[in-house]
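One structure below.
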Ligand code: NAD
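Residue numbers (this note's numbering): 153 to 563.
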């Protein structure tokens, strides 16, 4: 099932619970603007390469549009549209003053040199500079893009509009970024995992955790939970997984990945397992932190963990969600679990606009406060309305956007 359809199912369940009118549903589901642009850049060989770029600006009822920019061969309008809507609900769940957007270019960044990627990025900015900016739409990194790409975006945008660091977030710390932004998504995953364990009356020390994906999100999640005395029993990346019942030495795994271009391949600190084995491991908490759709009708019955934290975007298909609900597996949904990144992006934007710097402790404190409040609100709504945490999170997010739409008026 396409991600768009899965997200629309969650939207519909929340809209039914909220008793939203058909008019409001269609208003909230219809993107405000979708653009497709030609991105032309010179290759190092002197040849001209043409790519397709997208920006979908889904909804700005609650504030400027906000969302990542993805460079991946599978990027298409349907995917970008679905991820843009997800951003609208995500920023609303954590109650930060943004709407939702997403963008991307259909390309495989590993086939381009750094200079070629820079030219592609600047060409994309040339094509859309009228459509984004600090008060309009603020891009950020996503799959295939990095702090370096964000720096090029800020620099190119500045050629049109002058110094405007708040036009993009996720920039390098040395170039108007902030400390704590890079770790924020994984840290946020860890924060809400601990809150959920506490709410469920489970003891945190010794809780066993399996994490799929050892990139930005997976590594910071693993480190945070290890520091909280959880036992990370399995980790994996695209090359396969590693299991150790007594607990993986997370710092050793991080060191290995650092020394092997970010990859776990050859890690000696655990027994080798497949990614499929990892998903059905006997553990307390399963954290998919890599791809979408990994928990589906084919493998959901085999999942033995009683708690799933969705660190990746859309890792659970609706079919798997139904199976988890039947089997009393608790799923903490992506729009809350991985909202730490966009929350820290907001901190970066706020500081850029004030030309002021907070320091890492304040960033962490504010992150903890905002995610803690959002978690509590979702938990309370789920308990009082007897709905899943996913439906409760969507109710909170969709409800806030609907309310802002009514308050702002349509005329
Ligand atoms: P990343 O590129 O840094 O890391 C991805 C990891 O997944 C890598 O370790 C890669 O080897 C692994 N992987 C790839 N294919 C795999 C497979 N088939 N099986 C197992 N592992 C596989 O990406 P990231 O930034 O960590 O993002 C991970 C997920 O979190 C994505 O779904 C992304 O959309 C979501 N997310 C990221 C952020 C963020 O701030 N980075 C914020 C919100 C959501």
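C-beta: ideal position from N, C-alpha, C; glycine also.
Values in this document were obtained by computation on a predicted structure and should not be read as measured data.
Q | For residue 188, the residue or residues it bridges with in DSSP | A | Beta-bridge pairing links residue 188 to 206.
(Q) Please state whether the Cβ-Cβ distance between residue 460 and residue 481 is less than 8 Å. (A) With respect to residue 481, residue 460 sits close: the two C-beta atoms are nearer than 8 Å.
Q. Is the Cβ-Cβ distance between residue 213 and residue 492 less than 8 Å?
A. No, the Cβ-Cβ distance between residue 213 and residue 492 is not below 8 Å.
**Q.** residue 198 Cβ short of 7 Å to the ligand NAD heavy atom set
**A.** For the ligand NAD, not one heavy atom lies less than 7 Å from the Cβ of residue 198.
Q.
I'd like to know whether the C-beta atoms of residue 427 and residue 364 end up nearer to each other than 8 Å.
A. Cβ atoms of residue 427 and residue 364: closer than 8 Å.
Q) Are residue 206 and residue 229 close, meaning C-beta to C-beta below 8 Å? A) Cβ distance < 8 Å, so residue 206 and residue 229 count as in contact.
Q. When we look at the beta-carbon of residue 308 and count the other beta-carbons within 10 Å, is it buried (16 or more) or exposed?
A. Label assigned to residue 308: buried.
**Q.** Which listed residue (345, 231, 182, 199) has its alpha carbon closest to that of residue 524
**A.** Nearest C-alpha to residue 524: 345.
(Q) Check for me: the alpha helix (DSSP H) holding residue 497 runs from which residue to which? (A) It spans 492 to 506 - the alpha helix (DSSP H) in which residue 497 sits, taken as one unbroken run.
Q | C-alpha gap between residue 557 and residue 281, whole angstroms | A | Going by the C-alpha atoms only, they are around 26 Å apart.
(Q) At a cut-off of 7 Å, would you count residue 366 as near the ligand NAD, judging by its Cβ distance to the nearest heavy atom? (A) Yes, the ligand NAD has a heavy atom inside 7 Å of this Cβ.
Q: For residue 176, I'd like the list of residues in its chain whose CB is within less than 6 Å of its CB, leaving aside the five on either flank, ordered along the chain.
A: For residue 176, same chain residues with a beta-carbon under 6 Å away, outside a window of 5 residues either side, are 554 in chain order.
Q. Say the cut is 7 Å; is the CB of residue 443 nearer than that to a heavy atom of the ligand NAD?
A. Answer for residue 443: yes, Cβ within range of the ligand NAD.
Q. If you scan the segment 215 to 294 from start to end, which runs of the alpha helix (DSSP H) of 4 or more residues do you find wholly inside it?
A. 229 to 245, 266 to 280, all fully within the segment 215 to 294.
Q) Can you give the beta carbon distance from residue 320 to residue 439, rounded, assuming they're within the 8 Å contact cut? A) Not really, about 28 Å apart at Cβ, beyond 8 Å.
Q | Three-way DSSP call (helix, strand, coil) for residue 393 in this model | A | Residue 393 falls in the strand class under three-state DSSP.
Q: Give a yes or no on whether the C-beta atoms belonging to residue 223 and residue 252 are separated by under 8 Å.
A: Against a cut-off of 8 Å, the Cβ pair of residue 252 and residue 223 comes out as no contact.
Q: Please go through the segment 419 to 468 and give each complete beta strand (DSSP E) segment of 3 or more residues, from N-terminal end onward.
A: Runs found: 423 to 425, 437 to 440, 459 to 461.
Q. Can you find a heavy atom of the ligand NAD that lies under 7 Å from the Cβ of residue 234?
A. Residue 234: no, Cβ never under 7 Å from the ligand NAD.
Q | Cα-Cα separation between residue 474 and residue 203, rounded to whole angstroms | A | In this structure, the straight-line span from the alpha carbon of residue 474 to that of residue 203 is close to 39 Å.
Q.
Under 8 Å, with one C-beta from each stretch per pair, do the segment 501 to 516 and the segment 317 to 332 reach the 3-pair mark?
A. They touch, by the three-pair rule.
**Q.** heavy atom of the ligand NAD below 7 Å from residue 247 C-beta
**A.** No - the ligand NAD has no heavy atom lying nearer than 7 Å to the Cβ of residue 247.
Q) Under 8 Å, do residue 336 and residue 323 count as touching if we go by C-beta distance? A) No, Cβ-Cβ distance for residue 336 and residue 323 is not below 8 Å.
Q. For residue 248, which of 171, 192, 547, 218 has the nearest alpha-carbon?
A. The option with the nearest alpha carbon to residue 248 is 218.
Q. Nearest-angstrom Cα distance between residue 514 and residue 199?
A. For residue 514 and residue 199, the distance between alpha carbons rounds to 48 Å.
Q: Say yes only if the C-beta of residue 295 is nearer than 7 Å to one or more non-hydrogen atoms of the ligand HEM, and no if none qualify.
A: With respect to the ligand HEM, the structure offers nothing, as its ligand set consists of the ligand NAD.
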